[in-house]
Structure formats: structure tokens, C-alpha cells
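Going by the numbering used here, the sequence shown opens with residue 78, and the numbers climb by one from there.
Cβ coordinates follow ideal geometry from the N, Cα and C atoms, glycine included.
These figures come from a predicted structure and were not determined experimentally.
Working notes, structure below.
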Amino acid sequence: MNSTPPVIELADIHKSYGDIAVLKGVSLTARQGEVVALIGSSGSGKSTLLRCINMLEVPEEGTVKIGGETVELSGKPRKPSNERQIRRIRSELGMVFQSFNLWSHMSVLDNVMEAPLHVQKRQRDEVEAEALEMLDKVGIRDKAHSYPSQLSGGQQQRAAIARALCINPRVMLFDEPTSALDPELEAEVLRVIKLLADEGRTMLLVTHDMQFARTIADRIIFLHQGLIEEEGTAEEVFQSTRSPRLRQFLSAAGH
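Take a look at the structure:
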């Protein structure tokens, strides 16, 4: 059992879009060095939950704590009430999206250096050395001076991972990082994520790849219709499934 302090704590998170309640009271923690995989069918609230962590979506109810610090929210509808806090907290969360979100007019190296230079106000020499190191880690240092349009989808996603790593994040958040890729390119990206997990990084990962979730995650959380239906180790979730809904989901996913 991981007894390190929680890096992320979500308590009773609710989020709706109009009349549609997407999250109906979700609570979870991720501890230092823990890899937590969020699984569930499309529309179950996985990506929304991830986006509530860095306030890309603001929950109507519930609290978000990062490193023991509560995100300040107020008003109706609720909004972050301390912009400086939000900027600081976001700078501790590395987010990798389904779509690569690279700036097309900038080289790969400049994409990776952008946040450390302009958000964290770090020294250019130091940032460039670290950016090249991160590109090396994800296996595309030779593409540093290429533009995103000159890269394959797998290379673009690895550049996006290098960009997220270059801010030295406390937590990495992955939102279906391989869903836009074909199987061969998917394998490249999954290899990189596995490498990060082996380094002991704290990660929350939304994935449709059950085999990968099983391999990489310390804990798996199954969301169903906006609630946590089941959670546990890979062994518990895949081998000793308690919930009929989870059984049905795994069966449909080929497990």
C-alpha cells in the first residue's frame, strides 16, 4: 500500500453541461509515485474529471487539492478566485491531450521550451539543455528543429509529452494520449509513458487500452455514468471484477 502523501485529492466532484450531469460526486486520490488509470465507456466522465484537476473545467461542487493545497473557487457559477494560484498549480501539472496541441509555426524545440521560458521565467540556456534532454528521453532529439507538420502523429505526441515534462511537473495527466494514432504509432507513445511510470512519476491516465492500463497502473478506477463504479489494483479490477457493469465493459473491450 502506498503510504506517501496524496498529490491530488478530489472530493465529491460534480460537473454538468446544461441538463446533463457528467460527474455526480467523484472522489479520488493519487499519491506520490502512483499511476492511476481511469477507464470507462465514452461519456462516463473520465476526460471531464481529468480537466477538473487543472481547472480547464470548473466543478460546480466539490474540492480539488493539489499537493495539499485547496484550489480556491467562489461565486455562482463557481470560478477560480485566485488567478495567481491557478497559474502556479497549472505549472505543476503536465497535461497531454488526445490532439497534440503543438504550435504549428514553431519548431519542436521551441514548442517544448515555451512554457518554461514564458510561464516559469527560467533561463534560456538551462531550458534549452533540458528540452533537448526531454526530446532525447522520448526518442526524437533528431527532430528538435523540425516543425510539427514534418512529424508523424506518434512523433508529435512524443513532442507533446516532452513539452509537458519540461515544466518539471509534479503530476502528469494523460487524456487518451493514443486515441488519434494507429497501432504502430500508439506503441511508440505507450513505450514512453511506460518509461515515465518506471521512473516513479505520479500519473493520472485516461485510456481505452485495457492491456496497457493493466500493465502500467498501480490502481484502476472504472467510471460509469459519472460515478466510480469500481476501483482497485489491476488484479482486483480485471481478475476479481465485482461490478456487473464493469464485467460487461471489459467483455465489450475484449477482456
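From what residue to what residue does the alpha helix (DSSP H) around residue i run?
{"i": "Val248", "result": "From DSSP, Val248 is part of no alpha helix (DSSP H) but of the beta strand (DSSP E) over 248-252."}
{"i": "Asp275", "result": "260-275"}
{"i": "Cys129", "result": "123-130"}
{"i": "Leu228", "result": "No alpha helix (DSSP H) holds Leu228; DSSP gives it neither H nor E."}
{"i": "Ile293", "result": "287-293"}
Beta strand (DSSP E) containing residue i: first to last residue?
{"i": "Pro83", "result": "83-94"}
Go ahead and label residue i buried or exposed: buried means 16 or more other beta carbons lie within 10 angstroms of its beta carbon, across all protein chains shown.
{"i": "Ile97", "result": "exposed"}
{"i": "Val196", "result": "exposed"}
{"i": "Arg278", "result": "buried"}
{"i": "Thr284", "result": "buried"}
{"i": "Asp286", "result": "buried"}
{"i": "Ala264", "result": "exposed"}
{"i": "Gly171", "result": "buried"}
{"i": "Pro136", "result": "buried"}
To which residues does DSSP link residue i through a beta bridge?
{"i": "Glu137", "result": "DSSP lists no partner for Glu137."}
{"i": "Met280", "result": "Val112, Met249"}
{"i": "Leu100", "result": "Lys92"}
{"i": "Ala107", "result": "Ile85"}
Does the contact criterion of 3 or more C-beta pairs under 8 angstroms hold for the region 140-159 versus the region 304-312? In this structure the region 140-159 does not touch the region 304-312; the number of beta carbon pairs closer than 8 angstroms is below three.
Report the start-end ranges of each beta strand (DSSP E) in the region 296-332 that is 3 residues or longer and not cut off at the edges. Along the region 296-332, the beta strand (DSSP E) occurs as fully enclosed runs of 3 or more residues at 296-301, 304-309, listed in sequence order.
Pair every Cβ in the region 224-236 with every Cβ in the region 157-164, then say whether three or more of these pairs are closer than 8 angstroms. Three or more Cβ pairs closer than 8 angstroms define a contact, and the region 224-236 falls short of that threshold against the region 157-164.
Can you list the alpha helix (DSSP H) stretches of 4 or more residues lying completely in the region 143-210, in chain order? If we require 4 residues or more, the alpha helix (DSSP H) runs fully inside the region 143-210 come out as 160-167, 185-195.
Contact between the region 172-186 and the region 214-228: three or more CB pairs below 8 angstroms? Touching, per the Cβ criterion.
Would you say the region 251-258 touches the region 186-194, given that touching needs at least three Cβ pairs under 8 angstroms? Short answer: they don't touch.
Quick one: any contact between the region 113-120 and the region 292-302, if contact means 3 or more CB pairs under 8 angstroms? Result yes; three or more Cβ-Cβ pairs closer than 8 angstroms.
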